[in-house]
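Enquirer:
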Amino acid sequence: MGVESRRSVVDGVRVAVRALVYAVVGGAALIAIATVASVLGPTLALDLYTPPVAAWWTVFTAITVQGVPFLLLGTVVSAAIGAFVPEKVFSRLLPRNQALAVPVAGAAGVVLPGCECASVPVAGSLMRRGVAPAAALAFLLSAPAINPVVLVATSIAFPGQPEMVLGRLVASLATAVVMGWLWARFGKEEWLRPPQRHAPEARGVKAFGAGLQHDFLHAGGFLVLGAAAAATFNIVVPRSVLDLFTGSAWLSVLLLAVLAVVLCVCSEADAFVAASLSGFSPTARLAFMVVGPMVDLKLIALQAGTFGRAFAVRFSAVTWVVAVVSSVLVGWWLL
Numbered sequence: 045m046g047v048e049s050r051r052s053v054v055d056g057v058r059v060a061v062r063a064l065v066y067a068v069v070g071g072a073a074l075i076a077i078a079t080v081a082s083v084l085g086p087t088l089a090l091d092l093y094t095p096p097v098a099a100w101w102t103v104f105t106a107i108t109v110q111g112v113p114f115l116l117l118g119t120v121v122s123a124a125i126g127a128f129v130p131e132k133v134f135s136r137l138l139p140r141n142q143a144l145a146v147p148v149a150g151a152a153g154v155v156l157p158g159c160e161c162a163s164v165p166v167a168g169s170l171m172r173r174g175v176a177p178a179a180a181l182a183f184l185l186s187a188p189a190i191n192p193v194v195l196v197a198t199s200i201a202f203p204g205q206p207e208m209v210l211g212r213l214v215a216s217l218a219t220a221v222v223m224g225w226l227w228a229r230f231g232k233e234e235w236l237r238p239p240q241r242h243a244p245e246a247r248g249v250k251a252f253g254a255g256l257q258h259d260f261l262h263a264g265g266f267l268v269l270g271a272a273a274a275a276t277f278n279i280v281v282p283r284s285v286l287d288l289f290t291g292s293a294w295l296s297v298l299l300l301a302v303l304a305v306v307l308c309v310c311s312e313a314d315a316f317v318a319a320s321l322s323g324f325s326p327t328a329r330l331a332f333m334v335v336g337p338m339v340d341l342k343l344i345a346l347q348a349g350t351f352g353r354a355f356a357v358r359f360s361a362v363t364w365v366v367a368v369v370s371s372v373l374v375g376w377w378l379l
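Numbers given in the numbering used here equal positions in the sequence shown, counted from 1, plus 44.
Below is the structure:
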């Protein structure tokens with residue numbers, strides 16, 4: 045083995061160890077912070093005679109501690125796919141006919157998971173390699189919404205409710221396929237700015253370590269913010285205000301669909317946030333889980349930067365409507 049080969053092996057091992065340390069230490073740190081907060085928070089709240097604060101800490105800690113393991117697993121799988129699976133695999137497996145390629149690409153999200161942040165550059169890379177935009181966009185929407193990590197997390201967040209897992213799968217896949225078909229039928233080339241290759245795409249162990257570090261830290265921050273927002277929503281918003289929405293099936297669905305856009309919770313953990321919103325109907329919480337991985341503020345910004353503002357505005361608006369309609373229909377059917 046030459047000097048260069050030995051050096052490459054050593055560098056690869058070093059990067060792999062560093063990525064493992066980042067994952068373990070980062071996950072342990074988040075759990076430790078949440079655990080300490082769960083112990084000190086209620087104590088401090090009782091000392092200050094503010095039971096609502098103790099309730100806030102309880103909800104916040106429950107969401108964070110439950111969501112971190114799935115967030116870590118999801119980012120590991122996503123980083124591995126980005127680093128080791130060539131995009132040409134997709135182009136070889138997809139049918140050339142757009143109408144057939146869209147559902148196949150949408151269904152590929154079940155076996156090729158990725159977080160919503162990673163799905164945008166992956167879709168851009170697919171387009172650069174000749175994959176039809178309609179199929180690439182269907183994969184962009186389905187991968188973060190129906191992958192195995194997300195579905196398992198949903199089953200744990202809603203124990204004894206397999207219909208919620210099935211509802212999420214069906215509504216999310218239907219939204220992705222319908223959006224792909226709509227783009228194939230009505231999409232215009234001038235709306236979609238072709239993604240440009242700015243630098244060679246990294247592969248291998250180094251890319252895996254960099255992707256894992258970025259995705260976990262980025263998504264972990266949004267998980268903490270989402271948990272804090274959900275806890276605040278549960279504690280601060282008066283029950284009388286919630287009754288205005290929970291008393292109306294349509295208003296409750298629309299409220300949580302808008303909340304999903306604003307909170308930007310990672311798809312690997314959003315089921316735990318949805319489960320904490322117990323005052324709302326199952327259909328409204330289903331809408332929260334279907335809309336979130338497909339349309340939120342960070343995704344709109346990523347799509348605008350990758351495909352252009354004209355595309356992001358049109359695509360996000362129509363996706364939101366289709367996702368809400370799919371959630372309502374599936375909720376009426378299953379829930």
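For every residue, glycine included, the Cβ atom is placed at its ideal position computed from N, Cα and C.
Using the beta-carbon count (16 or more within 10 Å), is F359 buried or exposed?
Expert: Buried: at least 16 other Cβ atoms inside 10 Å.
Enquirer: What number of angstroms, rounded off, separates the C-alpha of G231 from the C-alpha of T327?
Expert: C-alpha separation (whole angstroms): 30 Å.
Enquirer: Would you call the CB atoms of A176 and L217 closer than 8 Å?
Expert: No, these two residues do not count as a Cβ contact at 8 Å.
Enquirer: Taking A331 as part of the alpha helix (DSSP H), name the residues at either end of that continuous run.
Expert: Element bounds for A331: P326 to V335.
Enquirer: Would you say A228 touches the ligand GDP, meaning its beta carbon is less than 7 Å from a heavy atom?
Expert: Although the ligand GDP was asked about, the structure shown includes no ligands whatsoever.
Enquirer: I need the straight-line Cα distance from V309 to V368, nearest angstrom please.
Expert: Near 17 Å, if we compare the C-alpha coordinates of V368 and V309.
Enquirer: Below 8 Å between beta carbons: does that hold for A348 and A356?
Expert: Cβ atoms of A348 and A356: closer than 8 Å.
Enquirer: Verify whether the separation of the beta carbon atoms of V154 and I190 is less than 8 Å.
Expert: Cβ atoms of V154 and I190: closer than 8 Å.
Enquirer: So, for A228: in the same chain, excluding its five sequence neighbours on each side, which residues have a beta-carbon less than 6 Å away from its beta-carbon?
Expert: Hits under 6 Å: Q142 and A178.
Enquirer: How long is the line joining the alpha carbons of E312 and V194, rounded to whole angstroms?
Expert: Taking the straight line joining both Cα atoms gives about 5 Å.
Enquirer: To the nearest angstrom, how far is it from the Cα of W376 to the Cα of F289?
Expert: If I take the Cα positions, the gap works out to 18 Å.
Enquirer: Beta-carbon separation of V297 and V372 under 8 Å?
Expert: Yes, Cβ-Cβ distance for V297 and V372 is below 8 Å.
Enquirer: What residue does the alpha helix (DSSP H) around A215 start on, and which one ends it?
Expert: A215 -> alpha helix (DSSP H) spans P206 to F230.
Enquirer: Classify V366: buried if its beta carbon has 16 or more other beta carbons within 10 angstroms, exposed otherwise.
Expert: Burial call: buried.
Enquirer: Leaving out five residues on either side along the sequence, give the residues of the same chain with a beta carbon under 6 Å from the beta carbon of A99.
Expert: Correct list, in chain order: I279.
Enquirer: Look up F351 in the DSSP assignment and say whether it is helix, strand or coil.
Expert: Helix, per DSSP.
Enquirer: Given A273, which residues of its chain have a CB within under 7 Å of its CB, disregarding the five upstream and five downstream residues?
Expert: Once the five neighbours on either side are set aside, the close Cβ partners of A273 are L307.
Enquirer: Using 10 angstroms around the beta-carbon of F128, count the other beta-carbons present and answer buried if the total reaches 16, otherwise exposed.
Expert: So F128 counts as exposed.
Enquirer: For the alpha helix (DSSP H) that W294 lies in, which residues bound it at each end?
Expert: Per DSSP, W294 belongs to the alpha helix (DSSP H) from A293 to L307.
Enquirer: Quick one: give me the first and last residue of the alpha helix (DSSP H) that A313 is part of.
Expert: Run containing A313: none; DSSP gives neither H nor E here.
Enquirer: Helix, strand or coil for P203 per DSSP?
Expert: Coil.
Enquirer: Would you tell me roughly how many angstroms separate the C-alpha atoms of V317 and L144, rounded to the nearest one?
Expert: So the alpha carbons of these two residues sit roughly 35 Å apart.
Enquirer: Hey, how far is the Cα of M338 from the Cα of F183?
Expert: The straight-line gap from Cα to Cα measures roughly 11 Å.
Enquirer: Let me confirm a value: S380 is counted as buried when at least 16 other C-beta atoms fall within 10 Å, else exposed. Which label applies?
Expert: Residue 380 falls outside the range modelled here, since the chain spans only 45 to 379, and no answer is possible.
Enquirer: Please say whether F351 and L226 have beta carbons closer to each other than 8 Å?
Expert: Taking 8 Å as the Cβ cut-off, L226 and F351 do not qualify as a contacting pair.
Enquirer: Please state whether DSSP places W139 in a helix, a strand or coil.
Expert: A small fix is needed here, since residue 139 is Pro in this sequence, not Trp. Coil at P139, not helix or strand.
Enquirer: Have a look at A124 and L341 and give me their C-alpha separation to the nearest angstrom.
Expert: In a straight line, the C-alpha of A124 is about 26 Å away from that of L341.
Enquirer: For L299, I'd like the list of residues in its chain whose CB is within less than 6 Å of its CB, leaving aside the five on either flank, ordered along the chain.
Expert: Closer than 6 Å at Cβ, skipping near neighbours: F289.
Enquirer: Starting from the Cα of L330, find the closest Cα among L343, A315 and I344 and give me that residue.
Expert: Minimum Cα distance to L330 is reached at A315.
Enquirer: Considering only C-alpha positions, which residue in the set A319, A345 and L343 is nearest to M333?
Expert: Checked all of A319, A345 and L343; the closest Cα to M333 is A319.
Enquirer: Here's the rule I'm using: 16 or more other beta-carbon atoms within 10 Å means buried, otherwise exposed. How should P188 be labelled?
Expert: Buried: at least 16 other Cβ atoms inside 10 Å.
Enquirer: Contact defined as beta carbons within less than 8 Å: I believe G204 pairs with L378. What is the distance between those atoms, to the nearest angstrom?
Expert: No, G204 and L378 are not in contact; Cβ-Cβ is about 15 Å, not under 8 Å.
Enquirer: Grab me the residues of T363's own chain with a C-beta within less than 6 Å of its C-beta, minus the 5 sequence neighbours each way, in chain order.
Expert: Cβ neighbours of T363 beyond the five flanking positions: M223, M338 and V339.
Enquirer: Assign L295 to one of two classes, buried (16 or more other C-beta atoms within 10 Å of its C-beta) or exposed (fewer than that).
Expert: The residue in question, L295, is exposed, as its Cβ has fewer than 16 Cβ neighbours within 10 Å.
Enquirer: With A180 as the anchor, note down where its alpha helix (DSSP H) starts and where it stops.
Expert: Segment P177 to I190, the alpha helix (DSSP H) holding A180.
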